[in-house]
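Structure record follows, encoded as structure tokens.
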Amino acid sequence: MGKNNSPMQIGQVIRSLREEKGWSQETLALEAGMATSHVSRIERGERRLATLDALASALGTSPAAVYAKAEGLPIPQTAPQQDGDLTVDYSAEAVELRKTFRKLSLPSRRLVVDFAHMLAKQQAVA
Numbered sequence: 002m003g004k005n006n007s008p009m010q011i012g013q014v015i016r017s018l019r020e021e022k023g024w025s026q027e028t029l030a031l032e033a034g035m036a037t038s039h040v041s042r043i044e045r046g047e048r049r050l051a052t053l054d055a056l057a058s059a060l061g062t063s064p065a066a067v068y069a070k071a072e073g074l075p076i077p078q079t080a081p082q083q084d085g086d087l088t089v090d091y092s093a094e095a096v097e098l099r100k101t102f103r104k105l106s107l108p109s110r111r112l113v114v115d116f117a118h119m120l121a122k123q124q125a126v127a
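My numbering puts the first residue of the sequence shown at 2, with every later residue one more than the last.
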């Protein structure tokens, strides 16, 4: 990591993203597949970030977005814009939707996606 991306700065970004979601360290650890103590050490800057991919993925973002936030830069686009703006939405509604979606079975997830497409089409006509 460069001097501007010290483990402490990245750890602070991880903590900030976690807190924006209203998650405990335990919840993030579970979502990222690691021990709570490991998340705690990362947030305090005591661990190197070999697990940054897992943490960023669990938080619904990318390692590049974490680094950009640490640098105070705009979050980079990681997906093509052909399907609209695919940046991660951290609004309370979007976070609640992602949390609920993760709890659904695969067939139920498909229904939610189909319903969302129907609503988007209906809204585009209105």
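The beta carbon of each residue, even a glycine, is placed where N, CA and C say it ideally should be.
It should be emphasised that the depicted structure is a prediction, and the values quoted were computed from it without experimental measurement.
- When the beta-carbon positions are compared, Gly23 and Gly46 stay at least 7 Å from each other.
- Setting aside the 5 residues that flank it on each side, Val67 is surrounded in the same chain by Val14 and Ala57, each with a C-beta closer than 6 Å to its C-beta; the list follows chain order.
- In the DSSP assignment, Met35 falls outside any alpha helix (DSSP H), carrying neither H nor E.
- Counting other Cβ atoms within 10 Å of its Cβ, Glu21 stays below 16 and is therefore classed as exposed.
- For Glu27, the three-state secondary structure derived from DSSP is helix.
- Linking Ser41 to Ala33 through their CA atoms gives a straight-line distance of about 13 Å.
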